[in-house]
Ligand SMILES: *Cc1c(COP(=O)(O)O)cnc(C)c1O
């Protein structure tokens with residue numbers, strides 16, 4: 018949606034803040050390399066606007082989830098190293114080669130499949146090898162690594178450039194699993210040639226220098242989510258979501274509000290109906306629990322969030338703020354995605370990646386404005 022006057026909501030994405038967050042992490046982990054995880058369209062915030070700005074700031078290694086994302090990213094950052102976390106899924110190997118994508122190989126089957134593909138071409142294409150150290154999601158198991166080590170000809174057809182693993186409990190610095198996974202990675206990596214290693218995503222970076230290894234893979238922290246839940250957020254806020262008020266109405270008891278009549282009006286109140294609902298990623302679980310900000314005041318969601326609309330109680334808000342056509346801030350500096358996530362009983366990652374397609378999107382920051 019491009020026409021601001023007709024838009025139901027305005028989503029402002031501060032590309033400058035994303036770049037500042039990357040630079041902060043990059044300085045924190047140096048001499049380790051800071052990559053950028055830009056999967057799911059930069060967690061919903063617009064890869065085409067963000068990735069080139071990160072590249073311009075000096076970021077050289079990027080991670081996406083799937084081949085389609087890798088192809089789209091290649092158009093944005095021709096000179097970058099692009100890792101594809103899912104690796105080849107059978108039949109798409111030629112796409113990796115055509116677009117210069119680096120597959121992350123997650124199982125012995127993926128490695129042998131890639132080996133037969135690589136033997137048909139010339140040169141040894143770069144790959145990353147993913148070892149499982151306790152997440153039990155993707156990655157080679159110890160028995161698979163032993164089988165691989167016994168057959169060096171399999172890896173001979175390719176050029177491994179990175180060995181990586183992923184932490185299960187990095188956002189809990191007290192979890193004994195963190196150190197155990199790091200030790201396991203170091204032990205299991207000895208089955209492979211000596212390579213740069215990587216285990217930390219956003220939260221892992223804050224577990225200490227021992228977790229930085231050769232390269233870190235932050236995503237969430239770049240987009241302003243707190244990598245250390247329960248502690249002050251060291252990252253800059255990136256997004257602001259403002260919903261447009263469609264109607265303001267006066268109500269009185271004994272009226273109720275919305276589907277299911279879950280909110281009972283107590284006395285004379287003023288309601289603002291905002292044109293953002295669960296179809297826009299404003300979660301239904303925010304019903305009778307979420308908040309917005311208007312004119313510097315915090316206003317509660319009353320009644321159920323519906324598909325296209327949410328009702329706020331704006332009784333105490335001066336009329337110059339709460340009027341049809343006015344804006345209520347649903348996500349913003351004092352009320353960030355992590356905070357909304359808490360009210361919606363989910364995580365900030367889901368709030369970002371669910372941001373709707375109906376919002377009028379605006380990218381700001383020097384680099385964002387240029388693209
Ligand atoms: C998504 C992902 C990341 C980034 O994680 P954040 O918590 O967003 O920093 C890093 N590595 C892997 C393997 C991932 O899947």
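Residue numbers (our numbering): 18 to 388. No residue lacks a Cβ here, since even glycine has one placed at the ideal position from N, Cα and C. Bear in mind that the values here come from a model prediction, so they are computed numbers and not experimental data.
| query | result |
| --- | --- |
| Going by Cα to Cα distance, which pick from 360, 243, 257 is closest to residue 251? | 243 |
| Under 7 Å between C-beta atoms, does residue 208 make it to chain C? | Within the model displayed, chain C is absent; a lone protein chain is all it includes. |
| Which residues does DSSP pair with residue 39 in a beta bridge? | Residue 39 pairs with nothing; no bridge assigned. |
| At a cut-off of 6 Å, would you count residue 192 as near ligand 1, judging by its Cβ distance to the nearest heavy atom? | no |
| Please report the distance separating the alpha-carbon of residue 230 from that of residue 147. | 15 Å |
| Return yes when the C-beta of residue 182 is under 6 Å from any heavy atom of ligand 1, and no when it is not. | no |
| According to the neighbour-count rule (16 or more other Cβ atoms, all chains shown, within 10 Å of its Cβ), is residue 153 buried or exposed? | exposed |
| Can we count residue 77 as close to ligand 1, meaning its CB is less than 6 Å from some heavy atom? | no |
| Measure the beta-carbon distance from residue 32 to residue 382 and round it to whole angstroms, keeping in mind my assumption that it falls under 8 Å. | 4 Å |
| Bridge partners for residue 181 per DSSP, in chain order? | 147, 215 |
| Assuming residue 373 contacts residue 320 (C-beta within less than 8 Å), just tell me the rounded distance between them. | Residue 373 to residue 320, Cβ: 20 Å. No contact. |
| Nearest CA to the CA of residue 134: which residue from 107, 160, 145, 159? | 107 |
| Can you check DSSP and say which residues form a bridge with residue 137? | None, per the DSSP bridge assignment. |
| Opposite residue 30 in the DSSP bridges: which residues? | 256, 380 |
| Just grab the DSSP bridge partners of residue 79 for me. | 53, 99 |
| By how many angstroms is the C-alpha of residue 90 removed from the C-alpha of residue 116? | 10 Å |
| Just the Cα atoms here: how many angstroms apart are residue 40 and residue 208? | 34 Å |
| Can you check the segment 294-338 for any beta strand (DSSP E) of at least 3 residues that lies completely inside it and give the ranges in chain order? | 308-311, 314-317, 327-330 |
| Once you ignore the five residues that flank residue 266 on each side, which residues in its own chain have a CB closer than 6 Å to its CB? | 288 |
| Which of the three DSSP states is assigned to residue 191 in this structure? | coil |
| Give me the residue from 96, 97, 380, 118 with the minimum Cα distance to residue 104. | 118 |
| What is the rounded straight-line gap between the Cα of residue 334 and the Cα of residue 344? | 12 Å |
| Could you give the residue range of the beta strand (DSSP E) that holds residue 289? | 286-291 |
| Over what stretch of residues does the alpha helix (DSSP H) that includes residue 88 continue unbroken? | 84-93 |
| To the nearest angstrom, how far is the alpha carbon of residue 182 from that of residue 151? | 9 Å |
| Measuring straight from C-alpha to C-alpha, what distance separates residue 44 and residue 76? | 12 Å |
| Sorry if obvious, but does the Cβ on residue 316 come closer than 6 Å to a heavy atom of ligand 1? | no |
| Taking contact to mean 3 or more Cβ pairs, one atom from each stretch, closer than 8 Å, check whether the segment 192-199 and the segment 159-171 are in contact. | no |
| Considering only DSSP beta bridges, list what residue 266 is partnered with. | 288 |
| Please state whether DSSP places residue 221 in a helix, a strand or coil. | helix |
| Between residue 124 and ligand 1, is there a pair consisting of the residue's CB and a ligand heavy atom that are separated by less than 6 Å? | no |
| Between residue 390 and ligand 1, is there a pair consisting of the residue's CB and a ligand heavy atom that are separated by less than 6 Å? | Residue coverage of the chain in this structure runs from 18 to 388, which leaves residue 390 outside it and unanswerable. |
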